[in-house]
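A.B. asks: Under full-length UniProt numbering, read the sequence shown as residues 1 to 182, first letter to last. Beta carbons are placed, not taken as given, at the ideal position from N, Cα and C, and that holds for glycine.
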Amino acid sequence: MSKEVAAQPPVKPLVLGKMGAAYGIRGWLKVFSSTEAAESIFDYQPWFIQRAGKWQQVELESWRHHNQDLIIKVKGIDDRDAATQLTHCEITVDSTQLPELTDGDYYWKDLMGLQVVNVDGYEMGKVIDMMETGSNDVLVVKANLKDAFGVKERLIPFLDEQVIKKVDLATGVIEVDWDPGF
Numbered sequence: 001m002s003k004e005v006a007a008q009p010p011v012k013p014l015v016l017g018k019m020g021a022a023y024g025i026r027g028w029l030k031v032f033s034s035t036e037a038a039e040s041i042f043d044y045q046p047w048f049i050q051r052a053g054k055w056q057q058v059e060l061e062s063w064r065h066h067n068q069d070l071i072i073k074v075k076g077i078d079d080r081d082a083a084t085q086l087t088h089c090e091i092t093v094d095s096t097q098l099p100e101l102t103d104g105d106y107y108w109k110d111l112m113g114l115q116v117v118n119v120d121g122y123e124m125g126k127v128i129d130m131m132e133t134g135s136n137d138v139l140v141v142k143a144n145l146k147d148a149f150g151v152k153e154r155l156i157p158f159l160d161e162q163v164i165k166k167v168d169l170a171t172g173v174i175e176v177d178w179d180p181g182f
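1. Does DSSP put Gly77 in a helix, in a strand, or in coil?
2. For Ala170, is the classification buried or exposed, using 16 other Cβ atoms within 10 angstroms of its Cβ as the cut-off for buried?
3. Would Leu16 and Ser95 be called neighbours here (beta carbons separated by less than 7 angstroms)?
4. Could you say which of Gln57, His88, Ser40, Leu139 lies nearest to Val127 if we only look at CA atoms?
5. Any chance the stretch 152-172 sits against the stretch 84-99, with 3 or more Cβ pairs inside 8 angstroms?
6. When the Cα atoms are used, what is the spatial distance from Ile41 to Glu175?
7. For the UniProt domain "RimM N-terminal" (16-96), which segments carrying the alpha helix (DSSP H) assignment without a break, of at least 4 residues, lie completely within its bounds, in sequence order?
8. For Leu155, does the three-state DSSP call read helix, strand or coil?
9. Restricting to Cα atoms, I'd like to know which of Thr35, Val116, Asn67, Ser62 is closest to Ile77.
10. Run through DSSP, which three-state label would Asp120 get?
11. With the cut-off set at 7 angstroms, would you say residue 228 and Trp55 are in Cβ contact?
12. Classify Ala22: buried if its beta carbon has 16 or more other beta carbons within 10 angstroms, exposed otherwise.
13. Would DSSP call Asp110 helix, strand or coil?
14. Pull up the distance between the alpha-carbon of Lys30 and that of Val58, whole angstroms please.
15. Can you grab the Cα-Cα spacing for the pair Thr35 / Asp147, in whole Å?
16. In this structure, how does DSSP classify residue 187 when only helix, strand and coil are distinguished?
17. Going by DSSP, what residue range makes up the beta strand (DSSP E) through Lys12?
18. Is Ala83 buried or exposed, if buried means 16 or more other CB atoms sit within 10 Å of its CB?
Written as structure tokens, this is what we have:
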């Protein structure tokens with residue numbers, strides 16, 4: 001199945017997906033990919049999962065498309081019961097495997113935890129998640145505890161130049177042109 005990794009867990013863990021329900025009786029599992037193109041998840045190896053607080057490396061035997069889903073066969077997992085033990089495990093890789101980006105580009109993971117401030121200087125909160133809506137990505141911003149507008153969470157469209165004025169990874173701030181009352 002998977003190899004327990006004692007001293008070599010991912011240095012900079014990054015979750016790229018999740019193992020879903022068992023598929024069939026021969027140990028196959030559904031996979032939910034968080035990569036832009038779903039099958040790109042297979043470009044990043046090795047995969048790691050965490051079980052009982054320990055990292056384990058997962059070796060794929062095979063993968064394929066099944067209808068709209070991706071399914072995988074993990075080495076050493078040969079029946080439905082064994083596959084079920086991996087259900088809901090997050091698929092993690094070392095983020096050092098990701099391609100280097102040019103200046104001004106960033107990954108979603110780089111935006112997590114950044115402070116969002118509007119062009120008038122109002123601190124709107126911190127980025128806690130990103131959503132893909134089809135037309136554009138959306139920042140999910142958890143409002144500060146003492147938000148003057150009583151807002152607990154904001155959804156801000158990630159529209160470069162129109163709404164997103166500046167992303168400064170060095171200072172940890174995203175400047176937006178957005179009404180704090182939304």
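C.D. replies: So, from the data block:
1. Gly is not the amino acid found at residue 77; the sequence shown has Ile there. Correct three-state label for Ile77: coil.
2. exposed
3. no
4. Leu139
5. no
6. 31 angstroms
7. 80-84
8. strand
9. Ser62
10. coil
11. The question about residue 228 has no answer, for the chain in this structure spans 1 to 182.
12. buried
13. helix
14. 15 angstroms
15. 33 angstroms
16. This structure leaves residue 187 out entirely; the chain is present only between 1 and 182.
17. Note, Lys12: premise wrong, no beta strand (DSSP E); not H, not E.
18. buried
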